[in-house]
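Chemist: Okay, here's the structure, questions in a sec.
Number of protein chains: 2
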Amino acid sequence: MVTKKMQFGAQYREIEVGKIVHLAKEVPMKLDSGAGIQDFPVAYQTYGTLKEDKSNVVLICHGLTADQYAIGTHPVTQKLGWWEEMVGPGKPIDTDQYFVIATNVIGGCMGSFGPKETNPATGKPYNLEFPVITIHDMVRAQALLLDYLKIPSLYSVIGGSMGGMQALSWALQFPERVRSVIAMAAAARHTAQNIAFHEIGRQAIMADPEWCEGNYLYERTYPSKGLAVARMAAHVTYLSESKLAQKFGRNLQNKQAISFGFDADFQVESYLRHQGQAFVDRFDPNAYLYITRAMDYFDLTQGQPGKNDAERLSHAFKRTPARFCIISFSSDWLFPTSESRMIVHALNSVAASVSFVEIDTDKGHDAFLLDEPELRDTVRGFLRGG
Amino acid sequence: MVTKKMQFGAQYREIEVGKIVHLAKEVPMKLDSGAGIQDFPVAYQTYGTLKEDKSNVVLICHGLTADQYAIGTHPVTQKLGWWEEMVGPGKPIDTDQYFVIATNVIGGCMGSFGPKETNPATGKPYNLEFPVITIHDMVRAQALLLDYLKIPSLYSVIGGSMGGMQALSWALQFPERVRSVIAMAAAARHTAQNIAFHEIGRQAIMADPEWCEGNYLYERTYPSKGLAVARMAAHVTYLSESKLAQKFGRNLQNKQAISFGFDADFQVESYLRHQGQAFVDRFDPNAYLYITRAMDYFDLTQGQPGKNDAERLSHAFKRTPARFCIISFSSDWLFPTSESRMIVHALNSVAASVSFVEIDTDKGHDAFLLDEPELRDTVRGFLRGG
């Protein structure tokens, strides 16, 4: 186990980042931007046991702000991992059967190559000198990790939200290495509304004078307020209106009557402020800029021939022999079912094998992280199907 | 015509505010908070001619960031007024027939009593010493204006969004003075999701160090960045996802390819940044705090007897003899049709006269401000009906 000195918010401490490997040691990995990155770290965790024939590898891909700690105690938050519902012995992604790999994406902030890593050329954090990366780049780094681990192919690649984007990218970039794909609460491209919400978050961070043009770690400042606002704006998009109404409604926070002031009178205000603050203590502001940008840039129709997006998307999936399971959640308004349907139609039009499930839930976009029996049954069943 | 020295963003200039009257000169007007306000200004505009029997008065109530300039050239923005689509000679709210009054709400920033007005006790702007006001308070100030104008009752009170809240409040507080009510894109109470979006905006403003605890006018700073982020976060909620997709999609802004950076690559980013900046040049940050808070506090069920919200809302409407026209827009996810239906059900249960129209449109919450033929026809027809 490796530890790294890291800063989140006001805290600067030694944090365990699990396993770390340096990839592309000899030949740089080319990024979509044209830049090359060499000898860069990727942090990862593995769960379960690799079969001798290496036929049981499942790669799970995390969403925007998660990391390699899918299960177990998270070294920064001390909370359980982000996919405890899904991964573990006897769970749908059963670690008694599968060898599960989870990496921290490049651009991230839990040990993989990201903007707060030290630039050996300057001895300072990269900050905004870090290259802008894409979802495809994240996936290419994961493929290099598989090479390092001498794993030729994946039994399945699975992810939700940005993780679902990575899973789809795997099928396109490495069709010969992927037997099946499960993409949930995902889309084939980021919509205008999604880009808009990300831009609000980025502007909130960059508006904070303590961001210092990205150099806060060097300047010994920290854009905590801007990052908290960014998280609040994002968090509200992860929940459904009905869930917010049911969970909080207009309930007051520890008071009998409104205060006629700007304190958190309502529980939903108090909850959001807490979400913002908790995020500052676990996520790097520049990493937030880079990862949201990678999602904005995601568009599987790009560079494909065709008269319209439907044709271009179909063409994108033409080469892949993988089986697909596409899952959406009825109350997810950020990655609505219509976006999943677009993927399913494209897969159908190239005669790919695809299962599609829309799960009826009021949990919104975050449903893929939560206790959803139908989701667990769907994933378990699909994985058993080979 | 009166002018006032006002600051918006970096601009400090003499701005025409139309007609201004000081109300509650002798007896203070009591606010819901318990505070009293005395001798306070309300800025207003009138359009059309008052009939001798005063039977043709229509009060129009503005949304969060609008003001008394419903039509004509706005003195700050030099653009046309917010309700050019609806108000004017031959328009649905026909100034050849009706005497139309539009006030700037108290708490606002276009001449009415608001946080940037000078506190005579200190010679400085009120800033956060301004009392927190409610939608009901705004309406009581409008009623005092009618008293001053010697207008006993309204032919109709009409508004969208926060303006619709005011129209509903009129029917409850002054049932004997209101013959009909048109409330569009409105609700009987602000939902948890709505409160959440407002809280994001307020936190963005208050996170800006140039807000200076509300004292920016005195400190000669200005929280432009925070206010711009607040506006961006709000603006995206006023549009439907489908409209954003249709208007912008993933189109790039004046470039052939993505830049692999954090400039505005996408048109939707450029558009949002422009919306944020334009807002800074026309709206007061503290007024934004106060008016969003007034909307958060709006809940017609409050203080009413009943076993549930439906019963309480019905009770709230018990005394009103007015005719109602409730209008929602199919793609408005901020004030969805379900919220309008709740009002309609409550009105039906007390046998009030109510028309309900859900207009099928992709224009989202802002539809009430835009070119919507069915909306114009509905308003015209309802008003003609007496």
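Those protein sequences? They're chains L and R, same order as listed.
If you want this note's numbering, it's the position in the first sequence, counting the first as 1, plus 1067.
If you want this note's numbering, it's the position in the second sequence, counting the first as 1, plus 1067.
Beta carbons are placed, not taken as given, at the ideal position from N, Cα and C, and that holds for glycine.
1) Can you name the residues of chain L whose CB is closer than 7 Å to the CB of E1406 (chain R)?
2) Just to make sure I have the definition right: I need the residues of chain R whose C-beta is within less than 9 Å of the C-beta of P1440 (chain L). Which are they?
3) In this structure, does DSSP put K1097 (chain R) in helix, strand or coil?
4) Is L1437 (chain L) buried or exposed, if buried means 16 or more other CB atoms sit within 10 Å of its CB?
5) Please name the residue, chosen from R:S1122, R:Y1285, R:A1271, R:L1284, that lies closest to G1343 (chain L) on a Cα-to-Cα basis.
6) Quick check on C1279 (chain R): does DSSP put it in helix, strand or coil?
7) Report the rounded CA-to-CA distance for N1282 (chain R) versus P1276 (chain R), giving the unit in angstroms.
8) Return helix, strand or coil for V1417 (chain L), following the three-state DSSP convention.
9) Can you list, in chain order, the stretches of the beta strand (DSSP E) that have 3 or more residues and sit fully within the region 1341-1370 of chain L?
10) DSSP beta-bridge partners for E1083 (chain L)?
11) For L1126 (chain R), report the span of its beta strand (DSSP E) as first-last.
12) Taking only beta-carbon positions, decide if V1172 (chain L) is within less than 7 Å of chain R.
13) Between the Cα of T1404 (chain L) and those of L:V1424, L:D1444, L:G1293, spot the shortest distance and give me the residue it belongs to.
14) Of the choices R:T1368, R:R1447, R:F1402, R:L1117, whose alpha-carbon is the least far from that of L1414 (chain R)?
15) Report the rounded CA-to-CA distance for A1274 (chain R) versus P1290 (chain L), giving the unit in angstroms.
16) Between the alpha carbons of F1180 (chain L) and V1109 (chain L), how many angstroms are there, rounded?
17) Taking the alpha carbon of A1133 (chain R) as the point to measure from, which residue in R:G1178, R:F1264, R:S1422, R:I1218 has its own alpha carbon closest?
18) To the nearest angstrom, report how far apart I1160 (chain L) and V1248 (chain R) are at their CA atoms.
19) From the DSSP output, read off the bridge partner residues of Y1222 (chain L).
20) With DSSP run on the structure shown, which of helix, strand or coil describes H1257 (chain L)?
21) Roughly how many angstroms lie between the CA atoms of I1218 (chain L) and E1336 (chain R), to the nearest whole one?
22) Since T1140 (chain L) sits in a beta bridge, which residues does DSSP pair it with?
23) Which residues in the same chain as P1388 (chain L) place their Cβ atom closer than 7 Å to its Cβ, once the five residues preceding and following it in sequence are excluded?
24) With distances taken between CB atoms, is the gap from A1301 (chain L) to G1174 (chain L) smaller than 7 Å?
25) Can you give me the C-alpha to C-alpha distance between E1406 (chain L) and T1428 (chain R), rounded to a whole angstrom?
26) Is the separation between the beta-carbon of L1098 (chain L) and that of I1200 (chain L) shorter than 7 Å?
27) Please classify A1271 (chain L): does DSSP put it in a helix, a strand, or coil?
28) List the residues that DSSP assigns as beta-bridge partners of E1425 (chain L).
29) In the region 1329-1342 of chain R, which residues sit with their C-beta less than 9 Å from some C-beta in chain L, listed in chain order?
30) Looking at chain L, is there any beta carbon in it that lies within less than 7 Å of the beta carbon of A1300 (chain R)?
31) So which residues of chain L does K1292 (chain R) contact, with C-beta pairs closer than 7 Å?
32) Using 7 Å as the limit for Cβ to Cβ distance, is S1100 (chain L) near chain R?
33) What are the residues in the region 1192-1214 of chain L lying within 9 Å of chain R by C-beta distance?
34) Determine whether the Cβ of E1308 (chain L) lies closer than 7 Å to any Cβ atom of chain R.
35) Would DSSP call Q1313 (chain R) helix, strand or coil?
36) Between R:Q1320, R:M1153, R:M1232, which lies nearest to Y1165 (chain R) when the distance is taken from Cα to Cα?
Modeler: With the given structure in hand:
1) Under the 7 Å cutoff, chain L gives no residues; its nearest Cβ is about 10 Å from E1406 (chain R).
2) Within 9 Å Cβ-Cβ: nothing; P1440 (chain L) doesn't reach chain R, min ~26 Å.
3) strand
4) exposed
5) The residue among R:S1122, R:Y1285, R:A1271, R:L1284 with its C-alpha nearest the C-alpha of G1343 (chain L) is R:A1271.
6) Correct three-state label for C1279 (chain R): helix.
7) 11 Å
8) coil
9) none
10) Partner(s): L:T1070.
11) 1124-1128 is the span of the beta strand (DSSP E), which, as asked, contains L1126 (chain R).
12) no
13) Out of L:V1424, L:D1444, L:G1293, L:V1424 has the C-alpha closest to the C-alpha of T1404 (chain L).
14) Its Cα nearest to that of L1414 (chain R), the residue R:T1368 stands out among R:T1368, R:R1447, R:F1402, R:L1117.
15) 10 Å
16) F1180 (chain L) and V1109 (chain L): Cα-Cα distance of roughly 6 Å.
17) R:G1178
18) Rounded to the nearest angstrom, the two C-alpha atoms are 57 Å apart.
19) Y1222 (chain L) pairs with nothing; no bridge assigned.
20) coil
21) Approximately 41 Å, taken between the alpha carbons.
22) L:L1147
23) P1242
24) no
25) 21 Å
26) Against a cut-off of 7 Å, the Cβ pair of I1200 (chain L) and L1098 (chain L) comes out as a contact.
27) helix
28) L:S1395
29) Along the region 1329-1342 of chain R, going in chain order, the ones with a CB nearer than 9 Å to a CB of chain L are F1329, A1331, D1332, F1333, Q1334, V1335, E1336, Y1338, L1339, R1340.
30) yes
31) A1274
32) Among the residues facing chain R, S1100 (chain L) is included, as its CB has a counterpart in that chain under 7 Å away.
33) L1195, P1198, V1199, I1200, T1201
34) yes
35) helix
36) Shortest Cα-Cα distance from Y1165 (chain R) to any of R:Q1320, R:M1153, R:M1232 involves R:M1153.
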